[in-house]
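**Student:** Chains as they are written, first to last, in our numbering: chain A, 1466 to 1672; chain B, 1466 to 1672. This is the structure I have questions about; it appears just below.
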DNA sequence: GTCTATATCTCGATAGAC
DNA sequence: GTCTATCGAGATATAGAC
């Protein structure tokens, strides 16, 4: 019994995740979610009261997937440059496996985001959103030690993430530009992208 | 007569721009546009056949506002570092005056963007979207001269733009994080942001 | 718990008078 | 060119049988 409940609920949830990530909060269709989950539309309302709540659950899960998974790199004892390299690689690989997630989160942010505004303080308190804090601490320590020169750690974090995420947001433009000159090899470009970002940043902050 | 036409048409267009930028293609409401323009809803269809066409016009205008205005900095004769500095400052100031534009463009990109996909090749041909080309050329020349070291110019452009635009996309998160520690001074943060990005990049690419 | 059938609502679009 | 009134599609949500 319990197992069947979870099973149906989870089928719905997975289907909702796919649909919301793909079409966004407003573009998503409850019917489409029901079809994907291979259940009736009425069940969506049985398990999750309404679209808004379903979305809210999905968003929280997706947000944690991205921001709850790589902070450990800044907890471990290794040179800051190594953490940074691993973070950039890991971050780009993570998004590569879920390329629509950045736009999904950005859409929420751009809509004023009651959902995300309520979420962030809660996650920070619950220590599930530790990346900014840990990154800034480790960067600060690296500056103390003279490993890297002094810059504002929060600014640095934004530069790293911004540079990393932008490609996935702007890919259609990049593609459009590159195809005017030659072939567009996504896989290769992404590998280069990792190297490039690390290269620029590490040279930008070395003592 | 002609003047009255333009006047009403323009009122509609301005109202549509505000509404679409704020709510996006699907979130925008024709009724709201009509209200803002202080005309009847039927007039929207009289001047612009339907919502899609109205959106399309708006998007093109907005896109050009952002990408059609700063490329001249890379046409002029000055050291690459100076062009870069002016570009970063100008870019951030431009978005600061229109902070919702990045999310607006990103939303279009994320929705598969028939509109933008049709637009880009056309603008490139019409020489109204010259930023990537000019930037890459000037960066290439600067590398030849030894002003800066060799990096992939397109990767570099993406890093600059990504770093610049990310703040405006993620501001609610930044705000949330900063408010847990202290006060959040947007104006100051943005001025710092300009300096920081230039600083990291220019050190990242110097010979 | 799951389904069918349907109520209710929102919104883009149009018809037609002036 | 501009308005009022209304249509009709498409979506969320619910009632009620099983």
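Using N, Cα and C, we set each Cβ at its ideal position, and we do this for glycine too.
Which residues does DSSP pair with residue 1671(B) in a beta bridge?
**Tutor:** For this step, residue 1671(B) is matched to residue 206 along the second chain. Its beta-bridge partners are 1613(B).
**Student:** Going by the beta-carbon positions, is the gap between residue 1522(B) and residue 1532(B) smaller than 8 Å?
**Tutor:** Start at 1 with the first residue of the second chain, and residue 1522(B) comes out as number 57. Start at 1 with the first residue of the second chain, and residue 1532(B) comes out as number 67. No, the pair does not count as a contact, with Cβ atoms beyond the cut-off.
**Student:** Since residue 1483(B) meets chain A, which of its residues come closer than 8 Å, beta carbon to beta carbon?
**Tutor:** Numbered from 1 along the second chain, position 18 holds the residue referred to as residue 1483(B). By Cβ distance, chain A contributes nothing, its closest Cβ being about 15 Å from residue 1483(B), past 8 Å.
**Student:** With C-beta atoms as the reference, is residue 1581(A) less than 8 Å away from residue 1573(A)?
**Tutor:** As a position in the first chain, residue 1581(A) is number 116, starting the count at 1. As a position in the first chain, residue 1573(A) is number 108, starting the count at 1. Yes. Within cutoff.
**Student:** Can you pull the chain B residues whose beta carbon is under 8 Å from the beta carbon of residue 1661(A), in chain order?
**Tutor:** As a first step, residue 1661(A) is located in the first chain; it is residue number 196 there, counting from the start. Within 8 Å Cβ-Cβ: 1616, 1617, 1620, 1621, 1624.
**Student:** Show which residues of chain B have a CB atom less than 7 Å away from the CB atom of residue 1491(A).
**Tutor:** In the first chain, the residue the question calls residue 1491(A) occupies position 26. Result: 1491, 1492.
**Student:** Buried or exposed: where does residue 1583(B) fall if 16 or more other Cβ atoms within 10 Å of its Cβ makes it buried?
**Tutor:** For this step, residue 1583(B) is matched to residue 118 along the second chain. By the neighbour-count rule (16 or more Cβ atoms within 10 Å), residue 1583(B) is not buried but exposed.
**Student:** Assuming contact is defined by CB atoms lying nearer than 8 Å, are residue 1568(A) and residue 1575(B) in contact in what I supplied?
**Tutor:** Within the first chain, numbered from 1, the residue matching residue 1568(A) stands at position 103. Within the second chain, numbered from 1, the residue matching residue 1575(B) stands at position 110. Closer than 8 Å, so yes.
**Student:** Report the start-end ranges of each alpha helix (DSSP H) in the stretch 1474-1555 of chain B that is 4 residues or longer and not cut off at the edges.
**Tutor:** Fully enclosed alpha helix (DSSP H) runs of 4 or longer: 1495-1502, 1506-1512, 1516-1532.
**Student:** What does a CB cutoff of less than 8 Å around residue 1467(A) pick up in its chain, not counting 5 residues either side in sequence?
**Tutor:** Mapped onto the first chain, residue 1467(A) falls at position 2. Bear in mind that a pLDDT of 43 at residue 1467(A), under 50, signals an unreliable position, so the number given afterwards is only what the model happens to contain. Closer than 8 Å at Cβ, skipping near neighbours: no residue.
**Student:** With a threshold of 8 Å between beta-carbons, can residue 1635(A) be considered close to chain B, or not?
**Tutor:** Numbered from 1 along the first chain, position 170 holds the residue referred to as residue 1635(A). Output row for residue 1635(A): interface = yes.
**Student:** Give a yes or no on whether the C-beta atoms belonging to residue 1601(B) and residue 1618(B) are separated by under 8 Å.
**Tutor:** Against the second chain, residue 1601(B) aligns to sequence position 136. Against the second chain, residue 1618(B) aligns to sequence position 153. A contact, by the Cβ cut-off of 8 Å.
**Student:** If the cut is a Cβ gap below 7 Å, which residues of chain A does residue 1571(B) touch?
**Tutor:** Stepping through the second chain from its first residue, residue 1571(B) is reached at position 106. The contacting residues are 1568, 1571, 1634.
**Student:** Going by DSSP, what residue range makes up the alpha helix (DSSP H) through residue 1640(A)?
**Tutor:** To locate residue 1640(A), count along the first chain from 1; it is residue 175. Segment 1618-1646, the alpha helix (DSSP H) holding residue 1640(A).
**Student:** What residue from 1613(B), 1562(B), 1495(B), 1597(B) has the CA that sits closest to residue 1537(B)'s CA?
**Tutor:** Position 72 of the second chain holds residue 1537(B). The residue with the shortest Cα to Cα distance from residue 1537(B) is 1597(B).
**Student:** Under 8 Å, CB to CB, which of the residues in the stretch 1574-1587 of chain B have a partner in chain A?
**Tutor:** Within the stretch 1574-1587 of chain B, the residues whose Cβ lies closer than 8 Å to some Cβ of chain A are 1574, 1575, 1576, 1578, 1581, 1582, 1585, 1586, listed in chain order.
**Student:** Quick one: residues in its chain with C-beta nearer than 7 Å to the C-beta of residue 1505(A), no 5 flanking neighbours on either side, listed in chain order?
**Tutor:** Position 40 of the first chain holds residue 1505(A). Correct list, in chain order: 1499.
**Student:** Between which two residues does the alpha helix (DSSP H) containing residue 1592(A) stretch?
**Tutor:** Position 127 of the first chain, counting from 1, holds the residue named residue 1592(A). No alpha helix (DSSP H) holds residue 1592(A); DSSP gives it neither H nor E.
**Student:** From the DSSP output, in three-state form, read off residue 1665(B) for me.
**Tutor:** Against the second chain, residue 1665(B) aligns to sequence position 200. Residue 1665(B): helix per DSSP, three-state reduction.
**Student:** Spell out whether any CB of chain B is found under 8 Å from the CB atom of residue 1466(A).
**Tutor:** As a first step, residue 1466(A) must be located in the first chain, where it is residue number 1. The predicted position of residue 1466(A) is uncertain, since its pLDDT is 41 and thus under 50; a value taken from the coordinates is nonetheless stated next. Chain B, which has no Cβ nearer than 8 Å to the Cβ of residue 1466(A), makes this no.
**Student:** Should residue 1654(A) and residue 1560(A) be called a contact, given that it needs their Cβ atoms to be closer than 8 Å?
**Tutor:** Taking the first chain and counting its residues from 1, the one referred to as residue 1654(A) is at position 189. Taking the first chain and counting its residues from 1, the one referred to as residue 1560(A) is at position 95. No, the Cβ-Cβ distance between residue 1654(A) and residue 1560(A) is not below 8 Å.
**Student:** Answer yes or no: does any C-beta atom of chain B fall closer than 8 Å to that of residue 1501(A)?
**Tutor:** For the purposes of this step, residue 1501(A) is identified with residue 36 of the first chain, where counting begins at 1. No, no contact with chain B.
**Student:** Does the pairing of the stretch 1474-1491 of chain B with the stretch 1537-1555 of chain B give three or more beta-carbon distances under 8 Å?
**Tutor:** Result no; under three Cβ-Cβ pairs closer than 8 Å.
**Student:** Is residue 1597(A) close to chain B, meaning its C-beta is less than 8 Å from at least one C-beta of that chain?
**Tutor:** For this step, residue 1597(A) is matched to residue 132 along the first chain. At least one chain B Cβ lies under 8 Å of residue 1597(A).
**Student:** As a quick exercise: from 1540(B), 1624(B), 1482(B), pick the residue whose alpha carbon is nearest that of residue 1517(B).
**Tutor:** Translated into positions along the second chain, residue 1517(B) becomes position 52. Taking only the C-alpha atoms, the option nearest residue 1517(B) is 1482(B).
**Student:** Taking 8 Å as the threshold (beta carbon to beta carbon), is residue 1658(A) in contact with chain B?
**Tutor:** The sequence position of residue 1658(A) within the first chain is 193, counting from 1. Yes, residue 1658(A) counts as interfacial toward chain B.
**Student:** Using a Cβ-Cβ distance under 8 Å, would residue 1555(B) count as near chain A?
**Tutor:** In the second chain, residue 1555(B) corresponds to position 90, counting from 1. No, residue 1555(B) lies away from the interface with chain A (no Cβ there is under 8 Å from its Cβ).
**Student:** Within 10 angstroms of its Cβ, does residue 1671(A) collect 16 or more other Cβ (buried), or is it exposed?
**Tutor:** Against the first chain, residue 1671(A) aligns to sequence position 206. Per the 10 Å Cβ criterion, exposed.
**Student:** CA-CA distance, residue 1528(B) and residue 1544(A)?
**Tutor:** The count along the second chain starts at 1 and reaches residue 1528(B) at position 63. The count along the first chain starts at 1 and reaches residue 1544(A) at position 79. One C-alpha to the other measures close to 42 Å.
**Student:** For residue 1631(B) and residue 1627(A), which I take to be in contact (beta-carbon distance under 8 Å), what is that distance rounded to the nearest angstrom?
**Tutor:** Taking the second chain and counting its residues from 1, the one referred to as residue 1631(B) is at position 166. Taking the first chain and counting its residues from 1, the one referred to as residue 1627(A) is at position 162. Contact holds; Cβ gap of about 3 Å.
**Student:** Can you check whether the C-beta of residue 1638(A) is within less than 8 Å of a C-beta belonging to chain B?
**Tutor:** To locate residue 1638(A), count along the first chain from 1; it is residue 173. Answer yes: the Cβ-Cβ gap between residue 1638(A) and chain B drops below 8 Å somewhere.
**Student:** Contact criterion: CB-CB distance below 8 Å. Does residue 1607(A) meet it with respect to chain B?
**Tutor:** Here residue 1607(A) refers to the residue found at position 142 of the first chain. It does not: the Cβ of residue 1607(A) has no partner Cβ on chain B nearer than 8 Å.
**Student:** In its own chain, which residues sit with a C-beta less than 6 Å from the C-beta of residue 1607(A), not counting the 5 before and 5 after it?
**Tutor:** For the purposes of this step, residue 1607(A) is taken as residue 142 along the first chain, with counting starting at 1. For residue 1607(A), where only same-chain residues beyond five positions count, the Cβ hits under 6 Å are 1545, 1613.
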